[in-house]
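Below: the structure, in structure tokens.
4 protein chains.
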Amino acid sequence: MSNQHDAPRRLRLGMVGGGQGAFIGGVHRIAARLDDHYELVAGAFASDPERSRAAAAELHVDDDRAYPDYQTMVEAERKRSDAIDVVAIVTPNHVHFDVARTFLEAGFHVICDKPMTITLEEAETLAELVERTGLFFGLTHNYSGYSLVRQARDMVANGELGELRVVQVEYPQDWLSTRLEDSGVKQAEWRTDPKRSGPAGCLGDIGTHAYHLARYVTGLELESLAADMHTFVEGRALDDNVNMLLRFKGGARGMLWSSQVAPGNENGLQLRVYGSKGGLEWRQETPNQLVHSPQGEPPRILTRNGPGLGEAAMAAARIPPGHPEGYLEAFAQLYSDFALQIHAHQRGERADALALQTPGVADGVDGLTFITRALASSAAGGQWVDM
Amino acid sequence: MSNQHDAPRRLRLGMVGGGQGAFIGGVHRIAARLDDHYELVAGAFASDPERSRAAAAELHVDDDRAYPDYQTMVEAERKRSDAIDVVAIVTPNHVHFDVARTFLEAGFHVICDKPMTITLEEAETLAELVERTGLFFGLTHNYSGYSLVRQARDMVANGELGELRVVQVEYPQDWLSTRLEDSGVKQAEWRTDPKRSGPAGCLGDIGTHAYHLARYVTGLELESLAADMHTFVEGRALDDNVNMLLRFKGGARGMLWSSQVAPGNENGLQLRVYGSKGGLEWRQETPNQLVHSPQGEPPRILTRNGPGLGEAAMAAARIPPGHPEGYLEAFAQLYSDFALQIHAHQRGERADALALQTPGVADGVDGLTFITRALASSAAGGQWVDM
Amino acid sequence: MSNQHDAPRRLRLGMVGGGQGAFIGGVHRIAARLDDHYELVAGAFASDPERSRAAAAELHVDDDRAYPDYQTMVEAERKRSDAIDVVAIVTPNHVHFDVARTFLEAGFHVICDKPMTITLEEAETLAELVERTGLFFGLTHNYSGYSLVRQARDMVANGELGELRVVQVEYPQDWLSTRLEDSGVKQAEWRTDPKRSGPAGCLGDIGTHAYHLARYVTGLELESLAADMHTFVEGRALDDNVNMLLRFKGGARGMLWSSQVAPGNENGLQLRVYGSKGGLEWRQETPNQLVHSPQGEPPRILTRNGPGLGEAAMAAARIPPGHPEGYLEAFAQLYSDFALQIHAHQRGERADALALQTPGVADGVDGLTFITRALASSAAGGQWVDM
Amino acid sequence: MSNQHDAPRRLRLGMVGGGQGAFIGGVHRIAARLDDHYELVAGAFASDPERSRAAAAELHVDDDRAYPDYQTMVEAERKRSDAIDVVAIVTPNHVHFDVARTFLEAGFHVICDKPMTITLEEAETLAELVERTGLFFGLTHNYSGYSLVRQARDMVANGELGELRVVQVEYPQDWLSTRLEDSGVKQAEWRTDPKRSGPAGCLGDIGTHAYHLARYVTGLELESLAADMHTFVEGRALDDNVNMLLRFKGGARGMLWSSQVAPGNENGLQLRVYGSKGGLEWRQETPNQLVHSPQGEPPRILTRNGPGLGEAAMAAARIPPGHPEGYLEAFAQLYSDFALQIHAHQRGERADALALQTPGVADGVDGLTFITRALASSAAGGQWVDM
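Protein chains in written order, with the UniProt record's numbering: chain A, 1 to 387; chain B, 1 to 387; chain C, 1 to 387; chain D, 1 to 387.
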């Protein structure tokens with residue numbers, strides 16, 4: 001078990017969003033519990049006070065810390081001696097910014113779902129705030145928590161692929177192939193609603209994950225892009241398919257595809273990276289293997305916690321090879337990494353000193369820049385635009 | 001999220017075993033936490049009192065409930081008003097029996113790792129005790145917690161495969177291909193030591209899992225078997241490879257292979273079931289898909305929480321299709337199912353009234369019968385023996 | 001066996017190119033033999049007369065029909081009563097045009113490797129010549145000979161995918177990741193030499209295959225494209241990686257990637273097509289299965305000659321399901337289809353009356369148009385250009 | 001192209017069996033043509049003279065060499081100056097022996113389908129005859145023609161797996177899951193008829209292939225076996241499922257499963273071999289890859305004609321890696337190897353001097369011994385019997 005060590009007290013976690021019918025709130029709670037570094041003690045779980053209290057009752061949260069809204073929550077918590085250490089923001093996208101700003105200004109660490117904000121300006125405002133306050137800010141680009149994603153990142157960084165040439169990333173889904181948003185499915189409703197999702201649909205929901213994964217593993221910076229965004233399902237306001245060409249600084253080229261109208265694809269996130277010395281391929285749906293192809297040699301199947309892995313990958317695995325870990329474990333890995341950084345901060349160390357390189361506010365700004373530029377390119381008919 | 005509902009209080013969990021260097025104890029703890037139905041409050045984590053206390057400190061267990069041994073623990077806990085509700089037994093095999101008996105006799109519910117005991121007599125003793133006390137007894141044949149294993153079981157029970165003909169089950173590993181037990185690896189040491197593992201090595205460690213999975217999914221009872229057990233690694237006292245022919249009541253035939261000396265296999269548990277109307281194939285290392293081949297039609301890939309599943313499978317999944325769940329989630333599923341039964345018991349209902357059909361003491365007796373008969377067959381040169 | 005029927009005489013086949021050290025000539029010969037519709041009787045196998053005669057001796061071709069060059073061959077053959085029925089052109093690209101024109105003008109049917117010519121003008125000249133003479137012209141876009149590619153084409157045409165939305169095609173290889181052209185490998189030499197390959201490297205060699213496959217299966221016409229072509233290996237004159245965005249008439253969008261510098265990819269041709277009712281995925285390296293995902297249902301694995309296939313697919317398979325057919329069989333399928341059309345022509349029927357829809361001169365023109373427009377787009381920095 | 005070299009004349013091939021409705025005859029003919037070492041010139045294609053002549057007409061065989069029966073054929077051919085060099089026997093099993101004996105006694109080389117004969121006595125008679133005459137006898141255990149099967153054999157022989165421990169081989173099919181023999185399917189009729197198939201059904205049809213493959217790759221000799229044969233489909237006279245335990249000389253253990261009632265399996269022949277230093281896994285349905293797992297290292301995917309292969313594998317491949325070869329190419333490989341040996345014999349060299357180690361009469365005797373012992377074991381209730 002990789003995460004067993006001298007245990008500081010569990011961090012007190014608050015949550016904004018994540019009431020009944022929500023999906024990602026429950027994921028954050030499991031992720032927080034899994035490695036036992038947090039206890040959920042407070043929340044504004046829903047915009048309706050009664051529903052917030054009902055959620056709290058289900059979640060073993062004391063009734064007096066089931067808040068009707070996040071403003072009340074921040075005011076009440078700042079006065080408590082046992083105040084929360086950190087708040088997790090798991091609302092629809094359009095609410096992230098106000099909540100994050102409010103908690104940061106009140107001195108709380110923040111864990112925020114992605115995309116960080118709706119606009120680039122909001123993202124930059126948060127970045128300044130984080131810089132100014134020195135507080136911890138974690139962004140749950142959760143795929144970066146997979147053990148073999150970290151292995152891939154290490155291998156690239158160590159030069160095992162040589163000079164990078166081609167980066168192909170894709171994230172196809174099929175669940176929005178029909179007008180599911182008309183069927184009362186809450187997840188579909190807000191994700192296809194510009195008021196709650198912002199101006200990017202599929203691009204913001206999963207395209208940003210694909211983009212982040214490519215950046216996280218390769219370390220490359222994007223120089224320019226040409227985006228062809230489209231809405232296939234009639235009557236839908238936001239894009240449901242994104243095709244994109246990428247040019248990275250230093251010369252590597254790539255493509256990015258994200259789609260929510262590709263039948264047969266559930267969460268087909270896939271990254272393929274090719275350099276002068278070899279290639280790497282990883283698929284999210286079978287995350288416990290990573291195929292490494294040294295140029296001119298037979299491909300090798302690296303397995304989570306199996307032979308031939310580096311330290312970063314080993315540190316992000318819980319159980320022996322062959323017993324699969326999945327999405328929740330990867331999400332939990334981020335929460336555990338965040339906890340280490342929050343504890344460090346509480347000991348008076350600067351949180352970023354740990355160099356865990358988990359996704360943070362800078363990734364949020366980068367993601368919004370990516371969204372903004374892709375929208376600009378697509379609006380111009382798919383022309384190339386600089387980042 | 002399938003496991004969100006009106007929440008009764010968390011069950012107070014005690015643990016025997018699972019100190020530093022242990023593997024399965026940590027798994028049980030994550031499994032207990034994952035769906036938030038338990039809190040770990042007490043334990044006799046190690047045979048050495050100091051190591052037990054050190055483990056407790058790491059695990060957020062109060063020092064006064066870190067017991068030096070299980071006898072002390074049972075005595076102390078039975079006197080508390082906030083006593084544990086249930087104890088998890090995660091020691092090496094040879095200790096299971098005494099601990100389970102002691103806690104049952106003191107009126108505690110029990111969750112026990114497998115194989116349940118060393119001898120069939122011990123297993124039958126526990127079964128009588130459970131029958132007499134009416135207490136809950138859960139056996140962690142954890143692979144039965146996978147969502148698609150439950151789907152497979154349902155499909156067989158509903159007659160979708162027709163009359164069963166052939167059952168092929170295997171569980172190959174490679175980690176004991178060399179004399180790892182000489183290298184100070186604790187997991188290897190006790191598993192190859194007859195004093196702690198009992199008379200069955202590979203057979204008891206993973207062969208029983210394969211046997212249980214076949215029984216769980218097919219519902220078939222074994223009639224007779226012919227076992228060819230062998231030890232390939234020189235100097236090892238217990239079997240490290242088991243080949244077996246199976247005849248089931250009603251006429252189905254099968255084979256079982258378990259091995260710990262098959263390089264390239266991590267936890268290659270695989271079940272294939274064929275009937276007059278179709279076939280099913282499931283592999284533990286890619287547990288989020290189940291291939292169903294109706295005779296004369298193209299095979300269909302069923303995915304966890306995807307289209308075409310029954311209720312049992314849906315109830316044992318947490319997150320949408322395409323985001324993989326793994327070993328820990330399957331293990332957690334058993335813990336959650338156990339919690340439902342313990343709560344029912346505490347409300348005065350008979351635990352088995354829920355018909356969740358999770359593995360229990362009867363499976364433990366069946367497993368020990370299987371081990372005993374396989375050993376007899378192999379000792380007789382691989383002759384057929386009746387169950 | 002699908003190809004057994006009343007046998008007309010074997011067609012007499014001549015060949016230009018395909019001497020020692022060539023690759024594709026041998027493939028054409030096996031393809032011609034496999035279903036027994038041809039016998040090789042004449043050839044100008046190499047530019048050097050001695051090497052042409054040596055090749056003939058190896059190939060059981062009579063010495064007096066081992067020609068020193070194609071001009072001599074055409075003159076000699078047109079005078080024979082047992083003249084060849086058809087010539088196969090398997091030279092490097094730059095020679096295709098002159099040979100094809102010469103044989104067509106002399107009244108011979110032609111089978112030509114792809115890309116058909118170096119320039120679009122040449123392609124159009126051949127198209128006019130074929131139109132004028134009424135002769136048969138087959139272009140070996142061989143992947144269209146795979147049984148399950150034909151199944152995919154049928155399913156799209158029958159509306160099983162609904163309205164097409166997204167088409168993703170790729171053809172990555174790795175064999176030119178290093179400067180193999182400096183190592184005396186003949187295949188690498190001419191393919192990276194603009195004089196012999198024309199202005200397109202990877203694009204012409206395999207990008208055109210990917211493009212043809214997408215067109216063949218979907219029936220969609222390309223409206224516009226944006227191409228980002230690049231040469232990664234230093235000192236190479238032609239592109240070795242192509243990333244491309246595609247817009248089809250009618251609204252479907254797509255991407256095309258072809259690469260010869262992607263380590264771990266041998267011939268990773270893959271086509272994925274998604275429509276409003278379902279999706280299809282096919283990979284050339286495992287060509288005996290086609291995954292069909294009806295929206296909202298479990299994916300189905302269609303197998304070559306297995307259950308659920310249409311007539312076109314059945315007609316293009318030789319052996320029962322589960323015994324894999326491969327590249328040579330797909331290539332042979334084109335040769336067999338070509339034979340049917342040549343026999344029809346010889347009976348006085350118009351060759352195209354058979355509607356076998358095998359690749360022909362129109363596909364050659366289309367391919368050169370594609371190459372020409374892609375080069376224009378890339379030269380303009382990756383801008384969108386109309387077809 | 002591996003098979004291009006100084007070409008001796010094509011061997012003149014005769015065939016017994018293989019008329020309309022037959023399956024394996026057509027396969028033999030394609031196999032003989034593929035590498036261009038044979039021409040089919042004579043045959044007794046069917047028991048009915050008219051049908052034999054009709055088949056000849058389809059196959060470009062001269063009418064005067066379309067014989068009404070094999071006796072007439074052998075008499076006529078032995079008198080011709082252009083007599084056949086070799087006869088291929090592709091009849092149902094029960095005819096093999098008489099035809100083979102007759103042609104051998106008349107001095108012809110023989111290529112025979114498997115199982116070689118119905119009884120062990122017949123097999124031994126043929127072996128003596130081959131020994132006495134010195135003629136070439138090839139047995140088409142065609143899976144031994146796959147390039148990567150030869151690679152596996154080489155790796156075992158070179159000690160790359162260390163000392164062999166476990167051999168798991170299986171060959172499941174599904175096509176006889178119902179009473180197909182009642183539907184007028186000729187292939188099903190004779191295979192389930194003891195008069196034409198002999199006393200072994202599934203065992204003789206595909207179990208012998210599995211056995212041969214295991215022996216071919218490992219080089220191990222079988223010491224004893226315990227067979228549990230069963231007939232699941234009501235009214236069928238022969239076994240349709242075989243489960244078997246194997247003990248090899250030297251201590252390795254194994255299992256063999258062959259079935260024709262396992263829905264979802266087309267030709268699922270699979271071999272897995274494990275030794276003290278590593279493991280190998282190969283599947284017939286994806287024959288272009290072989291997974292090699294050195295103990296303690298990541299598994300490596302060897303591909304046909306890809307990096308890291310030995311000479312034997314390279315010699316048995318035609319086209320570059322990534323373009324799949326299949327069943328017909330493997331079958332053709334045997335025919336090409338046979339041709340080399342027949343040519344050697346005709347030059348006065350002893351055929352076996354080439355040490356190509358293709359399957360021959362000794363393998364036929366071994367196969368019949370295996371069948372005989374398995375039948376004996378099963379008849380005795382699945383008891384162990386020595387080979």
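Glycine included, C-beta positions come from ideal geometry on N, C-alpha and C. These figures come from a predicted structure and were not determined experimentally.
Within 10 angstroms of the Cβ of residue i, are there 16 or more other Cβ atoms? Answer buried if so, exposed if not.
i, result
"Pro194 (chain B)", "exposed"
"Asp64 (chain A)", "exposed"
"Ser259 (chain C)", "buried"
"Ser52 (chain C)", "buried"
"Thr117 (chain D)", "buried"
"Gly250 (chain D)", "exposed"
"Lys114 (chain C)", "buried"
"Gly159 (chain A)", "exposed"
"Ala100 (chain C)", "buried"
"Asp48 (chain B)", "exposed"
Flag this pair as yes or no: are the beta carbons of residue i and residue j separated by less than 8 Å?
i, j, result
"Val365 (chain D)", "Glu105 (chain D)", "no"
"Arg10 (chain C)", "Glu39 (chain C)", "yes"
"Phe248 (chain C)", "Leu271 (chain C)", "no"
"Arg165 (chain C)", "Ala83 (chain C)", "no"
"residue 389 (chain B)", "Pro199 (chain C)", "With chain B covering only 1 through 387, there is no way to say anything about residue 389 (chain B)."
"Ala56 (chain A)", "Phe45 (chain A)", "yes"
In chain order, what residues of the same chain have a beta carbon less than 8 Å from the beta carbon of residue i, not counting five sequence neighbours either side?
i, result
"Ala226 (chain D)", "Met244, Leu245, Ser377, Gly382, Gln383, Trp384 and Val385"
"His60 (chain B)", "Leu40"
For residue i, I'd like the list of residues in its chain whose CB is within less than 6 Å of its CB, leaving aside the five on either flank, ordered along the chain.
i, result
"Thr372 (chain A)", "Leu120"
"Pro172 (chain A)", "Ser259, Ala262, Asn265 and Gly268"
"Glu131 (chain B)", "none"
"Ala332 (chain B)", "Ala31, Leu34 and Asp35"
"Arg196 (chain B)", "Pro92, His94 and Trp190"
Name, please, each residue of chain A whose Cβ falls closer than 7 Å to the Cβ of residue i.
i, result
"Arg33 (chain B)", "Arg33, Leu34 and Asp36"
In chain order, what residues of the same chain lie with their CB nearer than 7 Å to the CB of residue i, ignoring the 5 residues before and after it?
i, result
"Pro321 (chain C)", "Thr303, Arg304, Asn305 and Gly306"
At 8 Å on the CB atoms, spell out the chain B contacts of residue i, in chain order.
i, result
"Glu311 (chain C)", "Here the premise fails: no neighbours, minimum Cβ distance about 17 Å."
Using a Cβ cut-off of 7 Å, pull out every chain F residue sitting near residue i, in sequence order please.
i, result
"Gln173 (chain B)", "Within the model displayed, chain F is absent; protein chains A, B, C and D are what it includes."
Name the chain A residues whose beta carbon is nearer than 9 Å to that of residue i?
i, result
"Tyr211 (chain C)", "Result: empty, since nearest Cβ-Cβ is about 16 Å, beyond 9 Å."
Quick one: list the residues of chain C neighbouring residue i, beta-carbon separation under 7 Å, in chain order.
i, result
"Gly306 (chain B)", "Pro298"
For the ligand SAM, is there any heavy atom lying closer than 7 Å to the beta carbon of residue i?
i, result
"Leu356 (chain A)", "Because no ligand of any kind appears in the structure shown, any question about the ligand SAM cannot be addressed here."
Name the chain D residues that come within less than 8 Å of residue i, Cβ to Cβ?
i, result
"Leu148 (chain A)", "Those do not exist, as Leu148 (chain A) stays about 12 Å from chain D at its closest Cβ, beyond 8 Å."
Below 8 Å on C-beta distance, what does residue i contact in chain C?
i, result
"Ile89 (chain B)", "By Cβ distance, chain C contributes nothing, its closest Cβ being about 40 Å from Ile89 (chain B), past 8 Å."
Q. What are the complete beta strand (DSSP E) segments, minimum 3 residues, inside the UniProt domain "GFO/IDH/MocA-like oxidoreductase" (149-281) of chain B?
A. 164-172, 222-230, 241-248, 253-259 and 270-275
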